[in-house]
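Student: Under the working numbering, the first residue of the sequence shown is numbered 1, with each subsequent residue one higher.
Handing you this structure, nothing more for now.
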Amino acid sequence: MSLSTFDLIIVAIYAMALLSIALWVSREPSGHAKDTQDYFLAGKSLPWWAIGASLIAANISAEQIIGQSGQGFVVGLAIAAYEWQAALVLLVVAVFFLPVFLKRGIYTMPQFLETRFGPGVKTIMAIFWIFLFTAVNLTTVLYGGALAIQAVTGLGVFTGMTMLAVFALVYSLYGGLKAVALTDMIQVVILIFGGLAITHVVLGMVGGGNGPLAGLSTLTTALPGHFEMILDRDHPQYSQLPGIWTLLGGLWVLHFSYWGFNQYIIQRALGAESLPVAQRGLAFAALLKFLIPLIVVIPGIAALWLAQDGLAGLSYDALSQKPDSTYGALMALMPVGIRGLIFAALIAAIVSSLASMINSISTIFTMDIYRDYVRTGSDEQHYVMIGRITAIVAMMIALFLAIPLLGAGDSIFQAIQEYTGFVAPGIVAVFLLGFFWKRANTTGAFALLVSSVVLSFLFFAAASPDAVGSGLSNGVAGALAPVFNPLLGLADFSVTDMPFVVRIWFIFLICLLVGVVASLVSTPPRPEQPVDLSDINFDTTTGFKISAAFIIAILIGLYALLW
Numbered sequence: 001m002s003l004s005t006f007d008l009i010i011v012a013i014y015a016m017a018l019l020s021i022a023l024w025v026s027r028e029p030s031g032h033a034k035d036t037q038d039y040f041l042a043g044k045s046l047p048w049w050a051i052g053a054s055l056i057a058a059n060i061s062a063e064q065i066i067g068q069s070g071q072g073f074v075v076g077l078a079i080a081a082y083e084w085q086a087a088l089v090l091l092v093v094a095v096f097f098l099p100v101f102l103k104r105g106i107y108t109m110p111q112f113l114e115t116r117f118g119p120g121v122k123t124i125m126a127i128f129w130i131f132l133f134t135a136v137n138l139t140t141v142l143y144g145g146a147l148a149i150q151a152v153t154g155l156g157v158f159t160g161m162t163m164l165a166v167f168a169l170v171y172s173l174y175g176g177l178k179a180v181a182l183t184d185m186i187q188v189v190i191l192i193f194g195g196l197a198i199t200h201v202v203l204g205m206v207g208g209g210n211g212p213l214a215g216l217s218t219l220t221t222a223l224p225g226h227f228e229m230i231l232d233r234d235h236p237q238y239s240q241l242p243g244i245w246t247l248l249g250g251l252w253v254l255h256f257s258y259w260g261f262n263q264y265i266i267q268r269a270l271g272a273e274s275l276p277v278a279q280r281g282l283a284f285a286a287l288l289k290f291l292i293p294l295i296v297v298i299p300g301i302a303a304l305w306l307a308q309d310g311l312a313g314l315s316y317d318a319l320s321q322k323p324d325s326t327y328g329a330l331m332a333l334m335p336v337g338i339r340g341l342i343f344a345a346l347i348a349a350i351v352s353s354l355a356s357m358i359n360s361i362s363t364i365f366t367m368d369i370y371r372d373y374v375r376t377g378s379d380e381q382h383y384v385m386i387g388r389i390t391a392i393v394a395m396m397i398a399l400f401l402a403i404p405l406l407g408a409g410d411s412i413f414q415a416i417q418e419y420t421g422f423v424a425p426g427i428v429a430v431f432l433l434g435f436f437w438k439r440a441n442t443t444g445a446f447a448l449l450v451s452s453v454v455l456s457f458l459f460f461a462a463a464s465p466d467a468v469g470s471g472l473s474n475g476v477a478g479a480l481a482p483v484f485n486p487l488l489g490l491a492d493f494s495v496t497d498m499p500f501v502v503r504i505w506f507i508f509l510i511c512l513l514v515g516v517v518a519s520l521v522s523t524p525p526r527p528e529q530p531v532d533l534s535d536i537n538f539d540t541t542t543g544f545k546i547s548a549a550f551i552i553a554i555l556i557g558l559y560a561l562l563w
């Protein structure tokens, strides 16, 4: 497959327009040089529509478009739980967590941890988040995006990653968060229209000339198992999405870790003009989340229907062996012009996520590491320069890590969830205790964070002999089973067959217990450390309440329809 001249013109127009607009919105008044608030928080001037669009643009990238299309082919609409449940989490974050973050005037999540638990916890988590965003998030987005470029153009994976990295750096490096957030509205519009285009064309193929709605009806009739949100225990993909546990278990932990306490997501809200503006932005993002499965997962299901009968040149065996190639295979079926639009949408999604990540990496390193430990008291422009240098270095590191880490062929979307699941229980537990329990202290925070990583590795090793070796796996399983199998047996699981969503929930509960016990047996926090919720205004505007009710009604309706 290749792009026609007309397709290339569409992509070129998109790229030039994005760069031009990014430079235009990044301008500063004559005589004013960017300071850290301008660069890292967009001067606290972001409107609600930019916040909502930027949240989606930062979120929807290779692991969604490439990974969820592949998972749509394999498991179906159940993977949409990652999108639709996030809508509810965004509302909770807007009401209960944003007021505290904005009241404290923080730049980063580690800064909140410093005010609550001290500089030690802040520094450890700052280093950890820099490592996670660079070695896990940046690499997966770069690699997944390069796979799509390779499927469309034939370019090598490393060449594709390099092009994406350079593009993301060029349009975001000068303007910082403001350039990223204000151009993300364009990115999201292109993403949605490009996604709707591929959905329309592919469903039309399934419908046999009777239109997309006929195609959707055909899919629901021919592949009913792919339109179930709650999988049965005997479903072959139950280990990925374990039935009712997607509603009761660790998926919520992943969501709160990502949408509530993740720097490159929440940083948009920290740059809002005011709290009501930030809350409206999160509600807007929640509404947009309902569209994502339509433009990402449904095409993957359609690809399965076409491939089963060898239609449209799709190979069932090839896509089954490498589901992450599904989206690229569908792009090859698109007519001239639409293919260029979809390719531009894919690039838009990927580079916006890359830009968001490097901006957050540079924010954490500059504000939490460099300013505190390397060079304190410098002028604002020096810290902005360090932020730009950090962004370049982080991108270069990710470029050279991506292929060694992800080249084995596992699902990109599952890979990022698996790695994130090692730390998500501890992150959510430390923030929840920090917010809502005044007795939580530094000792408890350290203890539960260490427990999260150690327990996650042990449970992963017990269930993954292929990854760690049968000797280590059997040894760990033998040690864990007598302690934990009686509890896990209540849900008909064991340490060797526990789905990772259940594992995350189980470890989260243990982390909460560890944090409470460690806090109670150690020195109480200083009087100024606990969060004083009495002076926080948790009320919301009428418009937000109406939006929230509408979003919750949609979510309930979808699960009732697709249960």
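Every residue gets a Cβ at the ideal spot worked out from N, C-alpha and C, and that includes glycine.
Owing to the predicted nature of the structure, the values given are computational and were not obtained by experimental measurement.
Thinking just about the alpha-carbon of each residue, which of L169, T183 and T442 is nearest to the one in R116?
Tutor: For this step, residue 116 is matched to residue 116 along the sequence shown. Per the Cα distances, T442.
Student: Provide the residue(s) that pair with L46 in DSSP beta bridges, ordered along the chain.
Tutor: In the sequence shown, the residue the question calls residue 46 occupies position 46. Per DSSP, A272.
Student: Quick one: using the 10 Å Cβ neighbour count with 16 as the cut-off for buried, is V336 buried or exposed?
Tutor: What you label residue 336 is simply residue 336 of the sequence shown in a count that begins at 1. When all chains shown are included, V336 counts as exposed.
Student: Throw me the rounded Cβ distance for the A481 and S494 pair, which I believe falls under 8 Å.
Tutor: Within the sequence shown, numbered from 1, the residue matching residue 481 stands at position 481. Within the sequence shown, numbered from 1, the residue matching residue 494 stands at position 494. Contact holds; Cβ gap of about 7 Å.
Student: Which word fits V180, buried or exposed, when buried means at least 16 other C-beta atoms lie within 10 angstroms of its C-beta?
Tutor: Position 180 of the sequence shown holds residue 180. Answer is buried; the Cβ neighbour count reaches 16.
Student: Among I386, G300, V253 and P47, whose alpha-carbon lies nearest the alpha-carbon of I597?
Tutor: Because the chain is modelled from 1 through 563, residue 597 falls outside the range shown and cannot be assessed.
Student: Taking the beta carbon of L270 as the centre, do at least 16 other beta carbons fall within 10 Å, making it buried, or is it exposed?
Tutor: Walking along the sequence shown from the start, residue 270 turns up at place 270. Counting Cβ neighbours within 10 Å, L270 comes out buried, since at least 16 surround it.
Student: Which residues in the same chain as G281 place their Cβ atom closer than 6 Å to its Cβ, once the five residues preceding and following it in sequence are excluded?
Tutor: Translated into the one-based positions of the sequence shown, residue 281 becomes position 281. Counting only Cβ-Cβ distances below 6 Å, and skipping sequence neighbours, we find W48, I51 and G52.
Student: Enumerated in chain order, which unbroken segments of the beta strand (DSSP E) with a length of 3 residues or greater are wholly contained in the stretch 139 to 198?
Tutor: For the stretch 139 to 198, not a single whole beta strand (DSSP E) run of length 3 or above is found.
Student: Would you call F508 buried or exposed, if buried means 16 or more other Cβ atoms sit within 10 Å of its Cβ?
Tutor: Locating residue 508 in the sequence shown gives position 508, counting from the first residue. It is buried - the Cβ of F508 has at least 16 other Cβ atoms within 10 Å.
Student: CB-CB under 8 Å to M498, same chain, minus the five flanking residues each way: which ones, in chain order?
Tutor: Stepping through the sequence shown from its first residue, residue 498 is reached at position 498. Excluding residues within five positions, the ones whose Cβ falls inside 8 Å are F459, A463, L488 and F506.
Student: Give me the Cα-Cα distance between I350 and I56, rounded to the nearest whole angstrom.
Tutor: Position 350 of the sequence shown, counting from 1, holds the residue named residue 350. Position 56 of the sequence shown, counting from 1, holds the residue named residue 56. Roughly 11 Å between the two C-alpha positions.
Student: Would you check if there are 3 or more beta carbon pairs closer than 8 Å linking the stretch 1 to 21 to the stretch 236 to 251?
Tutor: Not touching, per the Cβ criterion.
Student: A285 and A278 - do their beta-carbons sit closer together than 8 Å?
Tutor: Working through the sequence shown from its first residue, we reach residue 278 at position 278. Working through the sequence shown from its first residue, we reach residue 285 at position 285. Result no, Cβ atoms of A278 and A285 do not sit closer than 8 Å.
Student: Between G434, L472, R503 and L3, which lies nearest to R526 when the distance is taken from Cα to Cα?
Tutor: Position 526 of the sequence shown, counted from the first residue, corresponds to residue 526. R526 has its Cα closest to that of G434, out of G434, L472, R503 and L3.
Student: Could you give the distance in angstroms between the alpha-carbon of S239 and the alpha-carbon of G160?
Tutor: For the purposes of this step, residue 239 is taken as the residue at position 239 of the sequence shown. For the purposes of this step, residue 160 is taken as the residue at position 160 of the sequence shown. S239 and G160: Cα-Cα distance of roughly 33 Å.
Student: Can you name the start and end residues of the alpha helix (DSSP H) that H226 belongs to?
Tutor: Here residue 226 corresponds to residue number 226 of the sequence shown, with the count starting at 1. From DSSP, H226 is part of no alpha helix (DSSP H); its letter is neither H nor E.
Student: In the structure shown, what three-state DSSP assignment does D324 receive?
Tutor: Residue 324 sits at position 324 when you count from the first residue of the sequence shown. Correct three-state label for D324: helix.
Student: Please state the DSSP three-state secondary structure of F457.
Tutor: Taking the sequence shown and counting its residues from 1, the one referred to as residue 457 is at position 457. Helix, per DSSP.
Student: To the nearest angstrom, report how far apart G249 and V393 are at their CA atoms.
Tutor: By one-based count along the sequence shown, residue 249 stands at place 249. By one-based count along the sequence shown, residue 393 stands at place 393. Taking the straight line joining both Cα atoms gives about 37 Å.
Student: In the DSSP assignment, find the alpha helix (DSSP H) that holds A565 and state where it starts and stops.
Tutor: It is not possible to answer for residue 565, since the shown part of the chain is limited to 1 through 563.
Student: Taking Cβ positions only, does L77 come closer than 8 Å to chain C?
Tutor: Among the protein chains of the structure shown there is no chain C, as only one such chain exists.
Student: Give the straight-line distance between the Cα atoms of S534 and F436, rounded to the nearest whole angstrom.
Tutor: Within the sequence shown, residue 534 is the residue found at index 534, counting from 1. Within the sequence shown, residue 436 is the residue found at index 436, counting from 1. When rounded, the distance between both Cα atoms is 12 Å.
Student: Along the chain, where does the alpha helix (DSSP H) containing Y107 start, and where does it finish?
Tutor: As a working note, residue 107 is residue 107 in the sequence shown. Where Y107 is concerned, there is no enclosing alpha helix (DSSP H), given that its DSSP letter is neither H nor E.
Student: Ignore the nearest five residues each way along the sequence and tell me which others in W563's own chain have a CB closer than 8 Å to its CB.
Tutor: By one-based count along the sequence shown, residue 563 stands at place 563. Excluding residues within five positions, the ones whose Cβ falls inside 8 Å are E228, M229 and I230.
Student: Identify which residue in L354, D368, F446 and S452 has its Cα closest to the Cα of L173.
Tutor: As a position in the sequence shown, residue 173 is number 173, starting the count at 1. It is L354 whose Cα lies nearest to the Cα of L173.
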